[in-house]
Amino acid sequence: MHPPTPALDDLLEALDHRIRAVGEDAAPGGDLPGSGLCDLIDTLSARIRSIDAGYRRCRHRLALLPAGCLCTGPDGVILEANRAAGALLGPAPDRLRGLSFPAHLHPGSLSAFRSAVAALERGDEVPVQEFLLARPDGSTLPVGAAVAVVRDGAIEHLWILSDVSGQKMIEEARRRSEERYRELTGNISDAFLALDQEDRIISWNRVAANLSGHPGEEVIGKSIYDVYPDLRTEEVIGFFREVRETGRPGMSECRFHVGGRDHAFEVRAVPTREGISIYIRDITDRRNAEEALRKSEERYRAIVENQTEMIYRRLPDGTITFANDAYCRSIGIPPGDLVGRRYAPAIPADDQARIQKSLHSLTPAHPVLAVEHRVVMPDGEIRWQQWTHMAFFDETGSLVEYQSVGRDTSAARMAEEALRLANKKLNLLSDVTRHDTLNRLNVLTGYIDLSREETKDPDLQEYYRKEEEIVREIRRYMVFTGEYREIGVAAPIWQDVGRIAREAAAGLDMGEVAVEVQVADIEVYADPLIVQVFANLIDNSLRHGGGVARIRISARESDRGVTIIYEDDGIGIPLAEKEDIFERGFGLFLAREILSITDLSLRETGRPGEGARFEIGVPRGYYRFTGPGQAP
182 MHPPTPALDD LLEALDHRIR AVGEDAAPGG DLPGSGLCDL IDTLSARIRS
232 IDAGYRRCRH RLALLPAGCL CTGPDGVILE ANRAAGALLG PAPDRLRGLS
282 FPAHLHPGSL SAFRSAVAAL ERGDEVPVQE FLLARPDGST LPVGAAVAVV
332 RDGAIEHLWI LSDVSGQKMI EEARRRSEER YRELTGNISD AFLALDQEDR
382 IISWNRVAAN LSGHPGEEVI GKSIYDVYPD LRTEEVIGFF REVRETGRPG
432 MSECRFHVGG RDHAFEVRAV PTREGISIYI RDITDRRNAE EALRKSEERY
482 RAIVENQTEM IYRRLPDGTI TFANDAYCRS IGIPPGDLVG RRYAPAIPAD
532 DQARIQKSLH SLTPAHPVLA VEHRVVMPDG EIRWQQWTHM AFFDETGSLV
582 EYQSVGRDTS AARMAEEALR LANKKLNLLS DVTRHDTLNR LNVLTGYIDL
632 SREETKDPDL QEYYRKEEEI VREIRRYMVF TGEYREIGVA APIWQDVGRI
682 AREAAAGLDM GEVAVEVQVA DIEVYADPLI VQVFANLIDN SLRHGGGVAR
732 IRISARESDR GVTIIYEDDG IGIPLAEKED IFERGFGLFL AREILSITDL
782 SLRETGRPGE GARFEIGVPR GYYRFTGPGQ AP
């Protein structure tokens, strides 16, 4: 497919001039008449120009074709190329002439190219091939290639190339979309079915197949009502028809008999171009849970209504949302007149300020508090009530509602006050009696000293000595009663074990005895007099330990709680006396009583001859570690 000579018009014009000159020079009546020859030449020139114009029009149209066109020889050398081919291959069309077409193919496409050429040589028709072009910038481009043989003298191959990258992208996007669609419908927990306009199944997922009990492919094309007979009801058929006709999604419920029992299902239908998509969800558990919740709420309401405690719920603005009979009776307002309106009981101003401060301190991390205050009843009587308030917050931390549970504590308050006054009077009587008794003992001691000076009789001196011992014992009893009176007077508090052990040792004359406190960051909940426990233990070691040089206080934790261990290196306590020591003297007896107030225990576990060992047992809930990451 070679281009015509660019100067064809010039050549034809020159030939015309020469032939005409020959014709003019010929003799009249000769063998070559000039006029007839000129007519033939004119006809020939006109035809040649017509052919050339047609050829130029073909070349021009070929150049403008949107598809890439190549003309190659059987060896693949490019003879002609249009603009679109140049855009696909990279070089301009004029530069493509003489180049090898296979040289512009990706190595992976050479085999397909050779197969196409071999088929052409055999005379076979070659279907559209897909080649991958290797572009000059290193990129690749997929093209569809159609080829035909031109046998016009020389054999030439005419290639039509079209860019299929966009189509590839569309196909890939569609493939991925279909994969995502299959993955989505295949992995959802709902049964999914796609139906056509006649309610025939186009596709479904594994859950739908399991629900029907049919293999996957055998139901495609069947009516959904044949696969799920339970759906063949006027309600469901009308529901599907309405979704198709209105083009609006909808939801309905139905019941299937599956696995030997009825199940409740939620059926959602969404209109599509093909028909409708159906999502079937088993809501049996949800319906059962809702029914159980309804019954539970009924039981809860019955329990709450019958409670003697006062219970109500209110919004932050004071609107009552619920109140039981006990609360309504206490304020004299029927439930029907109370719920839905704002109500606040009459409370003395100083108590009101304290309540508001407490309520404002509630947070999502600490939503509960208890407060006791006075309330002015409808008849004007002032009574004491104890309320436990719980605040409810939403996911943003904003207050939504309060729930309050209260009880009347007026009687308890009166009893507590009466008991306080009685204890005050008893303590006063005990103080006066102990004071007077100690004074009388001082007088008695003076008379014993005077009596001893009046006689030298050894027997009488012995009597006086025993009388003095009795007086000292009576003094000890008086001191013990004073100490015992303080047990339980103050409320238990959290106390650092290491600190109180050191305080106990600091209050005694330790001499050369070393005290090692190996307890770190442990607090126990106990009577404030727990320091006296350690003081009594240390005093016991100093007075009865038999040459104690070292005292060690440590702790260990177990699954039952914490054990605080007191040890000395003295002579120890005989086995037969391990329990008697808690009854024989006031000190250890008092120690046990102090610890027992908060369920702490005390026992002696040492080996005779190896020193005394006391273990203080602290149950869970009565100790805590105050140092981060610390262990006993």
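Here the working numbering is used: the first residue of the sequence shown is 182, the next is one more, and so on. Here a beta-carbon is modelled for each residue, glycine too, at the ideal position from N, C-alpha and C. All values reported here derive from a predicted model rather than from experimental measurement.
Check                                                                                                                                                                                 : Outcome
For the stretch 684 to 760, which segments carrying the beta strand (DSSP E) assignment without a break, of at least 3 residues, lie completely within its bounds, in sequence order? : 695 to 699, 703 to 707, 731 to 739 and 742 to 749
By DSSP, does residue 807 sit in helix, in strand, or in coil?                                                                                                                        : coil
Compute the Euclidean distance between the alpha carbons of residue 676 and residue 805, then round it to the nearest angstrom.                                                       : 10 Å
Taking all protein chains shown into account, do 16 or more other C-beta atoms lie within 10 angstroms of the C-beta of residue 566, making it buried, or fewer, making it exposed?   : buried
Could you tell me which residues DSSP puts in a beta bridge with residue 571?                                                                                                         : 549 and 584
Just to check my reading of the structure: residue 450 and residue 459 have Cβ atoms closer than 8 Å, yes? What is that Cβ distance to the nearest angstrom?                          : 6 Å
May I ask you to verify whether the stretch 786 to 794 touches the stretch 682 to 698, counting CB pairs closer than 8 Å and requiring at least 3?                                    : no
My output table needs one value for residue 461: the three-state DSSP class, helix, strand or coil.                                                                                   : strand
Can you name, in chain order, every residue of its own chain whose Cβ lies under 7 Å from the Cβ of residue 294, other than the five neighbours on each side?                         : 283, 286 and 312
According to DSSP, is residue 208 part of a helix, a strand, or is it coil?                                                                                                           : Low confidence applies to residue 208: its pLDDT is 49, below 50, so where it sits in the model is not reliable, and the reading given next is rough at best. In the structure shown, residue 208 sits in coil (DSSP, three-state: anything other than H, G, I, E or B).
Span of the alpha helix (DSSP H) holding residue 493?                                                                                                                                 : No alpha helix (DSSP H) contains residue 493, which is instead part of the beta strand (DSSP E) from 491 to 495.
Assign residue 814 to one of two classes, buried (16 or more other C-beta atoms within 10 Å of its C-beta) or exposed (fewer than that).                                              : Not covered by the structure: residue 814. The range shown for the chain is 182 to 813.
Kindly identify the DSSP beta-bridge partner or partners of residue 785.                                                                                                              : 795
Whose C-alpha, out of 538, 494, 543 and 542, is nearest the C-alpha of residue 520?                                                                                                   : 494
Below 8 Å on the Cβ atoms is my guess for residue 314 versus residue 260; work out the distance and round it to an integer in Å.                                                      : Not a contact, Cβ separation roughly 19 Å.
Using a Cβ-Cβ cutoff of less than 7 Å, which residues in the same chain neighbour residue 773 once the five nearest sequence positions on both sides are dropped?                     : 763 and 783
Please determine if the stretch 497 to 510 and the stretch 408 to 418 are in contact, where contact requires at least 3 C-beta pairs separated by less than 8 Å.                      : no
What are the residues that DSSP puts in a beta bridge with residue 338?                                                                                                               : 253 and 330
So the candidates are 342, 569, 454 and 301; which of them puts its Cα closest to the Cα of residue 332?                                                                              : 301
Write down the C-beta distance between residue 324 and residue 342 rounded to the nearest angstrom, noting that I regard them as a contact closer than 8 Å.                           : 5 Å
Are any of the Cβ atoms in chain E nearer than 9 Å to that of residue 373?                                                                                                            : This model lacks chain E altogether; it includes just one protein chain.
Go through its chain and collect everything with a Cβ distance to residue 802's Cβ below 6 Å, but skip five positions before and after it.                                            : none
Identify whether residue 431 lies in helix, strand or coil by the three-state DSSP scheme.                                                                                            : strand
Is the separation between the beta-carbon of residue 723 and that of residue 692 shorter than 9 Å?                                                                                    : yes
Can you say whether residue 249 is buried or exposed, counting buried as having 16 or more other CB atoms within 10 angstroms of its CB?                                              : buried
Have a look at residue 759 and residue 726 and give me their C-alpha separation to the nearest angstrom.                                                                              : 14 Å
If the criterion is Cβ atoms closer than 9 Å, does the pair residue 715 and residue 748 meet it?                                                                                      : no
Have a look at residue 746 and residue 556 and give me their C-alpha separation to the nearest angstrom.                                                                              : 50 Å
Between the Cα of residue 553 and the Cα atoms of 491, 589 and 720, which residue gives the shortest distance?                                                                        : 589
Distance check for residue 514 and residue 800, CA to CA, integer angstroms please.                                                                                                   : 47 Å
Between the C-alpha atoms of residue 582 and residue 512, what's the straight-line distance to the nearest angstrom?                                                                  : 21 Å
Based on Cα-Cα distance, which residue from 729, 704, 470 and 712 lies nearest to residue 694?                                                                                        : 729
For residue 183, I'd like the list of residues in its chain whose CB is within less than 6 Å of its CB, leaving aside the five on either flank, ordered along the chain.              : Confidence is the limiting factor: at residue 183 the pLDDT is only 48, short of 50, which leaves the residue's position unreliable and the question unanswerable from this model.
Below 7 Å CB to CB, which residues in the same chain sit around residue 652 once its five sequence neighbours on both sides are set aside?                                            : 622, 625 and 626
Answer yes or no: do residue 375 and residue 457 have a C-beta to C-beta separation smaller than 9 Å?                                                                                 : yes
DSSP state of residue 381, grouped into three classes?                                                                                                                                : strand
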